[in-house]
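The sequence shown begins at 9 in the working numbering and counts up by one.
Note that CB positions come from ideal geometry on N, CA and C, so glycine has one too.
Report on the structure given below.
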Amino acid sequence: MRILLIEDDTVTSSFIKYTLREQGYVVDHATDGKEGLQLARINQGNYSSIILDVMLPTIDGLKICKTLREENDTTPIMMLSSRDETENKIEGLNAGGDDYLTKPFEISELIARIKALQRRNNNQTEQILSIRHVSLDRSSHEVKVHDELIQLTRIEFRLLHLLMQNRGKVITRSEMLDKVWDMHGGEIFSNTINVHMKELRRKIQDDSKDPLIITVRGSGYKFAKQ
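Below you can see the structure in the form of structure tokens.
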């Protein structure tokens, strides 16, 4: 899983990054608010959670949190601050934060809270994705087209899930390699993705003039919003 850490303190951020990576997380790190907000926007939907310091250069954490919520980013946000007054915590939660941890803290508590946020978010995530005539059940791994079950390979299912989950957003080929083939920067024949996408389209598409899976030349693919 991938986490965004927005923290300007070198010692705190180094400790958090080291511990999270030891736990198996991939960590993106921003040292100021502007960079952090940019990363959150570019990678919306790709982070399992965001760890956000309140006091940051350029843009403060409260403003970042409010902005992301206004843009319908539902990624769980853990706010960090040295301010421990009740009104500060309320302010952070009202800005859209899901949890608030005061500094200094035990790293084990931070990890436990992050995992709790992710469990809560996973439980709230819709199990059935439906767009037009296609529905995908994440729990049963079943896909229906016009209410008829169809057979997909494991790779096809993961591709469809990734695209439908991020409907309207361009998914790059490198993201597909990372999330579908579990190849982090590895090599794969460039034609492989094309072959799988062609077969997936054949199985779910019934009108080539109004495609569900749209090719964005030079970037990747996206699934129709509706």
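- Within the segment 131 to 215, the complete beta strand (DSSP E) segments at least 3 residues long are 136 to 139, 142 to 145, 150 to 153, 156 to 158, listed from N- to C-terminus.
- Inter-segment contact for the segment 67 to 87 and the segment 17 to 32 is absent: fewer than three beta-carbon pairs are separated by less than 8 Å.
- A check of alpha carbon separations from Lys42 across Ile24, Ile163, Val62, Thr66 identifies Thr66 as the nearest.
- Relative to the Cα of Thr200, the nearest Cα in the group Asp215, Leu144, Leu167, Leu13 belongs to Leu167.
- For Ser89, the enclosing beta strand (DSSP E) has its first and last residue at 85 to 89.
- Secondary structure at Leu12: strand, using DSSP grouped into helix, strand and coil.
- Closest option to Gly53, judged by alpha-carbon separation, among Phe165, Arg175, Tyr229: Arg175.
- The shortest CA-to-CA distance from Pro84 to any of Thr18, Glu114, Leu125 is the one to Leu125.
- Per DSSP, the unbroken beta strand (DSSP E) holding Tyr229 starts and ends at 228 to 231.
- Residues of the same chain with a CB within less than 7 Å of the CB of Ser147, apart from the 5 flanking positions on each side, are Gln135 in chain order.
- Burial state of Asp145 is exposed, judged by a 10 Å Cβ sphere holding fewer than 16 other Cβ atoms.
- DSSP lists Ile11 as the bridge partner or partners of Ser57.
- Between the alpha carbons of Ile98 and Asp186 lies a distance of about 38 Å.
- In chain order, Ile115 place their CB closer than 8 Å to the CB of Phe23, counting only its own chain and leaving out the 5 sequence neighbours on each side.
- Taking 9 Å as the cut-off, the beta carbon of Ala103 is found closer than this to the beta carbon of Met87.
- Tyr108 carries a strand assignment under DSSP once its states are collapsed to helix, strand and coil.
- Gly228 has its alpha-carbon roughly 14 Å from the corresponding atom of Met172.
- In the structure shown, Thr39 adopts coil according to DSSP, grouped into three states.
- Lys25 sits close to Leu13, with the two beta carbons spaced by under 9 Å.
- For Val203, the closest C-alpha among the options Ala232, Ile163, Asp214 is that of Ile163.
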